[in-house]
Structures are given as structure tokens and as C-alpha cells.
Amino acid sequence: MRFHLFRPILIALILSIIYTIWASFTDSTHSFFYHFSGGLFISGFILMAIGLFSNMSANGFFRGLTAGFKKQREARLREIDGEYHEDEDEEHEVYEEKQKRSLNRTGPYLSSGLLCIVFSLLLSFV
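FYI, in the working numbering the residues of the sequence shown are 108 to 233.
Below, the structure written as C-alpha cells:
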């Protein structure tokens, strides 16, 4: 897991450095740590947004909405054929496997984003 955190933390550091340089030129009344803390906070939220949106994309954001349509279609098909039955167990296993793979992909972004936010809050109290 440590290797998977390298890319999101590198992205956060690059974004924080860019923000710190920009903020130091536009507002010279505050210290370097103030601007760096703000940069970490912003980059943490960006990383969390990337992680959340990719998690929604991987797990299916509209899964609950489509489940209602699927049940309605299944009820209509049962009216036509009384013995109609859809195999849900296989689909559920595929969904669980897909969910595990998506967590491995999005977990580092979520955890590093939270880590950046917590670190920026701790840095702002110094």
C-alpha cells in the first residue's frame, strides 16, 4: 500500500508547491507555512474529490436507481412468464469483486487526501 500512496502524495506536493509559490507572490503579508498549509488543504480536497468520483464511477453511481428499474422489468416479465427468474447471485459476486478492485484503486487517493488535510490543519496551528 505504501507504493500506491506515492503518486497521490507526489501530486499533492506538486499542487501545494505551485499554490505556495503563487500565493507568496500575490499575498506577501503571510508566512510561507501559512501558504503551504493552504496549499496542502486545497490539494487534499482535490485528491479526495478524485478518489470519491473515481469510486462512484467504478462502483456505479446509479446502481440504486437502476436496481429499481430492474425489479420493475423483472416483475413485468414474471407477469408474462410465471416461472421467470433472474440469476442475481452471480451478479452480486461480480459486483463484490469489482468493488474490491475499485477500492484498491481509489483508496490511496482518499487516504492521502485525508492525510494532507489533517497535516495542513496541524501545520496551521504551528
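Even for Gly, the Cβ is constructed at its ideal location relative to N, Cα and C.
Fair warning: this is a prediction, and the values are worked out from it, not measured in the lab.
Buried or exposed for residue i, going by 16 or more other Cβ atoms inside 10 Å?
i	result
T127	buried
G151	buried
S164	exposed
What residues in its chain sit with their C-beta under 8 Å from that of residue i, if we drop five residues either side in the sequence?
i	result
L83	A question about residue 83 goes unanswered here, because the residues of the chain that appear run from 108 up to 233.
L230	F140, F143, S144 and L147
S131	F139 and H142
N162	S209, L210, T213 and L217
Just reading off the alpha helix (DSSP H) that residue i is part of, what are its end residues?
i	result
L112	Unbroken run through L112: none, as it is neither H nor E.
H142	F139 to N166
Which of helix, strand or coil does DSSP assign to residue i?
i	result
V233	coil
S209	helix
S135	coil
Residues in the same chain with beta-carbon distance under 6 Å from residue i, minus the five sequence neighbours each way, listed in chain order, please.
i	result
T173	none
Q179	none
Leaving aside the five residues before and after residue i along the sequence, list all residues of the same chain whose C-beta is less than 7 Å from its C-beta, in chain order.
i	result
Q206	N166
F226	L147
G158	T213, Y216, L217 and G220
Worksheet item: Does the region 112 to 119 come close enough to the region 219 to 233 to have 3 or more Cβ pairs within less than 8 Å?
Response: yes
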